[in-house]
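Novice: Protein chains in written order, with our numbering: chain A, 8 to 186; chain B, 8 to 186.
Number of protein chains: 2
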Amino acid sequence: MTRDRFAEMHCSIAQTLTVLGEWWTPLILRDVYLGLRRFDELSADLGISRNLLAQRLEHLVEAGVLARVPYQERPPRFEYHLTEAGHDVVPALLTLMAWGDKWKTPPGGPPVRLVHDACGRDFVPQVACPHCGGGIDGHGISVYAGPGAAQGPGTMLLARPQNAPQSEPEGGLDGGREG
Amino acid sequence: MTRDRFAEMHCSIAQTLTVLGEWWTPLILRDVYLGLRRFDELSADLGISRNLLAQRLEHLVEAGVLARVPYQERPPRFEYHLTEAGHDVVPALLTLMAWGDKWKTPPGGPPVRLVHDACGRDFVPQVACPHCGGGIDGHGISVYAGPGAAQGPGTMLLARPQNAPQSEPEGGLDGGREG
Chain A
8 MTRDRFAEMH CSIAQTLTVL GEWWTPLILR DVYLGLRRFD ELSADLGISR NLLAQRLEHL
68 VEAGVLARVP YQERPPRFEY HLTEAGHDVV PALLTLMAWG DKWKTPPGGP PVRLVHDACG
128 RDFVPQVACP HCGGGIDGHG ISVYAGPGAA QGPGTMLLAR PQNAPQSEPE GGLDGGREG
Chain B
8 MTRDRFAEMH CSIAQTLTVL GEWWTPLILR DVYLGLRRFD ELSADLGISR NLLAQRLEHL
68 VEAGVLARVP YQERPPRFEY HLTEAGHDVV PALLTLMAWG DKWKTPPGGP PVRLVHDACG
128 RDFVPQVACP HCGGGIDGHG ISVYAGPGAA QGPGTMLLAR PQNAPQSEPE GGLDGGREG
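1) Of all the CB atoms in chain B, is at least one closer than 7 Å to the CB of residue 118 of chain A?
2) I want to see whether chain A comes within less than 7 Å of residue 77 of chain B, judged by CB atoms only; does it?
3) Under the assumption that residue 60 of chain B contacts residue 49 of chain B (Cβ atoms under 8 Å), give the Cβ distance between them as a whole number of angstroms.
4) Under 8 Å: do the region 84 to 96 of chain B and the region 69 to 78 of chain A share three or more Cβ pairs, one atom per stretch?
5) Output yes or no for whether 7 Å exceeds the beta carbon distance between residue 132 of chain A and residue 105 of chain A.
6) Taking the alpha helix (DSSP H) that residue 13 of chain A belongs to, which residues open and close that run?
7) Quick one: is residue 8 of chain B buried, meaning 16 or more other Cβ sit within 10 Å of its Cβ, or exposed?
8) Checking contacts by CB at 7 Å: is residue 67 of chain B closer than that to chain A?
9) Locate the alpha helix (DSSP H) running through residue 35 of chain A, then write down its first and last residues.
10) Could you check whether the Cβ of residue 135 of chain A sits closer than 7 Å to any Cβ belonging to chain B?
11) So residue 67 of chain A and residue 32 of chain A are supposed to be a Cβ contact under 8 Å. How far apart are they, rounded?
12) Give a yes or no on whether the minimum CB-CB distance between residue 170 of chain A and chain B is below 7 Å.
13) Output yes if chain A places a C-beta closer than 7 Å to the C-beta of residue 127 of chain B; else output no.
14) Report yes or no: do the region 34 to 47 of chain A and the region 114 to 134 of chain B share at least 3 C-beta pairs separated by less than 8 Å?
15) Please check if any C-beta of chain A sits within less than 7 Å of the C-beta of residue 46 of chain B.
16) State the CB to CB distance for the pair residue 100 of chain A and residue 20 of chain B, rounded to an integer number of angstroms; the pair is presumed to be in contact (CB under 8 Å).
17) Could you name the residues of chain B that residue 124 of chain A contacts, counting a contact when the two beta carbons are closer than 9 Å?
18) So, are the CB atoms of residue 114 of chain A and residue 156 of chain B less than 7 Å apart?
19) Are residue 148 of chain B and residue 146 of chain A closer than 7 Å when you measure CB to CB?
20) Do residue 158 of chain B and residue 152 of chain B have their beta-carbon atoms positioned less than 7 Å apart in this structure?
21) Considering residue 123 of chain A, what are the terminal residues of the beta strand (DSSP E) in which it resides?
22) Would you mind reading off the limits of the alpha helix (DSSP H) that contains residue 97 of chain B?
23) Please name the residue, chosen from B:17, B:38 and B:10, that lies closest to residue 86 of chain B on a Cα-to-Cα basis.
24) Give me the residue from A:12, A:17 and A:139 with the minimum Cα distance to residue 116 of chain B.
25) Is there a Cβ from chain B that is less than 7 Å from the Cβ of residue 32 of chain A?
26) Would residue 25 of chain B and residue 12 of chain B be called neighbours here (beta carbons separated by less than 7 Å)?
27) Exposed or buried, what is residue 29 of chain A when buried is set at 16 or more other beta-carbons lying within 10 Å of its beta-carbon?
28) Taking only three categories from DSSP, how would you classify residue 55 of chain A?
29) Under 7 Å, Cβ to Cβ, is there at least one residue of chain B near residue 130 of chain A?
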């Protein structure tokens, strides 16, 4: 199964995809974040089979991203709430949204607008460096093997000797820049 | 096909998933970003079937995320380069990585470390508000229907009357906060 293969990789993108990488899962988390917390609400909004939705929710609970919270005792009924790990997924969802807004915009414009409560402004989520505040755009960063780097499938590049943790920083990859 | 259903949704996360939402695709883009640009290199690193890799690459070229660039004429051979839209995917990949580093960290620590060339510091990518620089963490934002909002599958919440574009801001959703 693909998820199992990803789970074996020494790559945090692959690890994240073991939780988020299946069709529907990001939209389920989006809906829970937006306040649709009950099975029937999610089923009605997403229009997926109840069986598939149940599988996805169960996996998200097992992965610690959603928590089942009882809201009724007889018969027992549950809502799904984001855990701390689940709330941490939201910024990733927002960056996926921002990419779609920019590159797959429908004719009418972005379907959603976001307001940052602290400053009251409409905003487009931006990935930034927390030290200098500079925007991160895929150029201008260098990628090195980290302490948990290891050889294995999907990690050939970082396992190259010149990028091992003990090497000098100038041995780093150029972050995909051309030339 | 799931991708077609997502393509019909008025949701930029769903639209993004029509491009990125399949297993392997984020890892293919990661590898191209890190400098593995040739079919055989990608195939060797990822260990997926050549048929599946070819399908994914073709879709990414059609979607405008990768460009095929010839590097040899006889026989014709191509490399895959990120387009501007492809470079724009990188921040989203980094937020997925950051989530995995935090919540699925291997025993040895993060497999990769990132250095922001402009300030020279190791950094953990953070999603921020471009106006005030404040970090976006899933709390403290309000979500409203945007100009392209429309009723349809997967958009029930934003199609609620109180969240229509013409409504007052205080009609907004609470961003998933409890209580």
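Here a beta-carbon is modelled for each residue, glycine too, at the ideal position from N, C-alpha and C.
Just so we're clear, the structure is a prediction, and the values are computed from it rather than from any experiment.
Specialist: Quick answer:
1) yes
2) no
3) 6 Å
4) As far as the Cβ criterion goes, the region 84 to 96 of chain B does not touch the region 69 to 78 of chain A, which means the pair count is below three.
5) Their beta carbons are under 7 Å apart, which means residue 132 of chain A touches residue 105 of chain A by this criterion.
6) 9 to 14
7) exposed
8) Not an interface residue.
9) Its alpha helix (DSSP H) spans residues 32 to 41.
10) yes
11) 7 Å
12) Unreliable positioning characterises residue 170 of chain A in this predicted model, as indicated by a pLDDT of 45, which lies under 50. The coordinate reading is nonetheless provided below. For residue 170 of chain A, the answer is no, since every Cβ of chain B falls outside 7 Å of its Cβ.
13) So no, residue 127 of chain B is outside the interface.
14) no
15) Contacts with chain A at 7 Å (Cβ-Cβ) do not include residue 46 of chain B.
16) 6 Å
17) For a Cβ distance threshold of 9 Å, residue set 146, 147, 148, 149 and 182 of chain B lies close to residue 124 of chain A, ordered along the chain.
18) no
19) For the pair residue 148 of chain B and residue 146 of chain A, the CB atoms are not nearer than the 7 Å cut-off.
20) For the 7 Å CB-CB criterion, residue 152 of chain B and residue 158 of chain B do not form a contact.
21) 119 to 123
22) 91 to 110
23) It is B:38.
24) Each of A:12, A:17 and A:139 was checked against the Cα of residue 116 of chain B, and the nearest Cα belongs to A:17.
25) Residue 32 of chain A has a beta carbon lying at 7 Å or more from every beta carbon in chain B.
26) no
27) So residue 29 of chain A counts as buried.
28) coil
29) yes
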